Amino acid sequence: MENFKSTIDKNTKVGVLNGGLSSEREVSLRSGKNCYDALKRLGYKNTILIDVQKDIGSVLAKEQIDIAFLALHGTYGEDGCIQGLLEILDIPYTGSGVLASALAMNKSASKSIFKAHGIPVLPSVSYSTTEVHNGIKRKLKGIKLRYPVMVKPMSDGSSVGMTKVNEENNLYDAVMVAGKYKDGILIEEFLKGKQITIGVLDINKETVATPILELRTKTEWYDYTAKYTEGLTEFILPAEIDEETTKLAQEYAIKAHKSLGCRGVSRPDFIIAEDNTPYLLEINTLPGMTNLSDLPAQAKVMGINYDTLVDILLHSSLL
16 MENFKSTIDK
26 NTKVGVLNGG
36 LSSEREVSLR
46 SGKNCYDALK
56 RLGYKNTILI
66 DVQKDIGSVL
76 AKEQIDIAFL
86 ALHGTYGEDG
96 CIQGLLEILD
106 IPYTGSGVLA
116 SALAMNKSAS
126 KSIFKAHGIP
136 VLPSVSYSTT
146 EVHNGIKRKL
156 KGIKLRYPVM
166 VKPMSDGSSV
176 GMTKVNEENN
186 LYDAVMVAGK
196 YKDGILIEEF
206 LKGKQITIGV
216 LDINKETVAT
226 PILELRTKTE
236 WYDYTAKYTE
246 GLTEFILPAE
256 IDEETTKLAQ
266 EYAIKAHKSL
276 GCRGVSRPDF
286 IIAEDNTPYL
296 LEINTLPGMT
306 NLSDLPAQAK
316 VMGINYDTLV
326 DILLHSSLL
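This is the structure in structure tokens:
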């Protein structure tokens, strides 16, 4: 990208934090290795790869890195936990801060904020972990949502633990699957429509939306298998939607990014209804950076190659 200029000293010691303790560990390892290789190619010769485990505090104290490049996904990496530790250690890091990360990770909390900012969201109900494991059957009979519904863990990504439920009789089992994960569950009306995702980047003090990527899956919905198995999802980039809907969805994406106070990068996911209303499903504050990930493909259409994208993300540590 012609307008982007790198200002970080190439001798800076960058630690790429990847792996982690979440259900998305394997995806994070792939993202981290790609980003590490890119930083090396960019000339950041002191870059190191750090697999985040329970001893991460002592590892960071030992390594004395100047910047933490976050390639973590899911619990403890994308939810504000590692961000809080880095704040205490006074280590600049890429991506959003503690509060924005925590809000984005909690699907119910973020949906409330999006709705308050005039961004369309689908009807849903949520239950805490305590409720899920204490008399949830009775409460499920009273939900006022139209079937089918999607049952999701409250705070996990990559479609982990998600189930589509077509009728009430199968709802409890799906809730038990999602309830194995942290922070409760969300039950949301299922909408059949065009699945799209939009990257949002803070570049040169300007917040910009990437071209829209449409996802056409060979599975019933965009599940974990479709996301990370080559050939199961057709990527339409730019998406085949009209100019007015494109502009509106990009506006909602930027508004969602700003409403949570995100920094550097995010990737909101939408579903477009038959009347062309883009409904915001969730926002990812540390999008995947694997060979099959959405953000690098979107950036490429903007004229931003993978290495430059990584450099832009690195510079978010200065925001």
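Take 16 as the starting number for the sequence shown in this note's numbering and just add one per residue. Think of the CB as a built atom: it goes at the ideal place given N, C-alpha and C, for glycine as much as any other residue. Quick caveat, the model's predicted, so the values are computed rather than measured.
CA-CA distance, residue i and residue j?
i	j	result
residue 20	residue 35	31 Å
residue 325	residue 287	29 Å
residue 246	residue 228	16 Å
residue 177	residue 271	23 Å
residue 191	residue 69	27 Å
residue 79	residue 309	32 Å
residue 168	residue 121	9 Å
residue 101	residue 156	44 Å
residue 328	residue 83	11 Å
residue 132	residue 113	21 Å
residue 146	residue 138	20 Å
residue 163	residue 319	39 Å
residue 144	residue 37	17 Å
residue 212	residue 53	24 Å
residue 256	residue 110	29 Å
residue 188	residue 194	10 Å
residue 274	residue 81	29 Å
residue 306	residue 254	20 Å
residue 149	residue 334	44 Å
residue 108	residue 265	26 Å
residue 276	residue 179	31 Å
residue 65	residue 50	12 Å
residue 67	residue 88	11 Å
residue 26	residue 154	57 Å
residue 96	residue 258	39 Å
residue 77	residue 63	13 Å
What residue from the options has the CA that sits closest to residue i's CA?
i	options	result
residue 93	170, 154, 52	170
residue 85	291, 313, 323, 280	280
residue 40	76, 22, 90	90
residue 314	258, 109, 300, 252	252
residue 203	37, 58, 181, 57	181
residue 152	163, 184, 112	184
residue 330	74, 278, 75, 303	278
residue 161	207, 95, 108	207
residue 7	66, 25, 260	No answer is possible for residue 7: the residues shown for the chain start at 16 and end at 334.
residue 322	31, 18, 22, 56	56
residue 196	96, 116, 175	175
residue 59	88, 74, 22	22
residue 61	29, 75, 74	29
residue 140	186, 105, 116, 98	186
residue 106	88, 31, 159	31
residue 269	116, 250, 221, 258	221
Kindly list the residues whose CB is nearer than 6 Å to the CB of residue i, restricted to its own chain and excluding five residues on each side of it in sequence; keep chain order.
i	result
residue 33	43, 44, 47, 86
residue 124	118
residue 216	223, 280
residue 142	199, 200
residue 233	247
residue 302	282, 310
Could you pull out every residue in the same chain whose Cβ sits closer than 7 Å to the Cβ of residue i, ignoring the five residues on either side in sequence?
i	result
residue 136	126, 129, 130, 294, 295
residue 263	293
residue 72	100
residue 219	18, 19
residue 250	228, 230, 312
residue 158	140, 202
residue 116	93, 94, 95, 98, 300
Going by DSSP, what residues sit across from residue i in a beta bridge?
i	result
residue 139	203
residue 217	222
residue 165	179, 203
residue 184	Paired residue(s): none; residue 184 is not in a bridge.
residue 209	287
residue 248	232
residue 33	66
residue 299	282
residue 293	287
Which same chain residues end up closer than 8 Å to residue i when comparing Cβ atoms and leaving out the 5 residues on each side of it in sequence?
i	result
residue 267	134, 135, 283, 285, 293, 295
residue 225	213, 214, 215, 216, 310, 313, 314, 316, 317
Answer yes or no: does any C-beta atom of chain C fall closer than 8 Å to that of residue i?
i	result
residue 255	Among the protein chains of the structure shown there is no chain C, as only one such chain exists.
Curious, which full-length alpha helix (DSSP H) runs of at least 4 residues does the region 76 to 153 contain?
-> As far as the region 76 to 153 is concerned, its whole alpha helix (DSSP H) runs of at least 4 residues are 96 to 103, 113 to 120, 122 to 131, 144 to 147.
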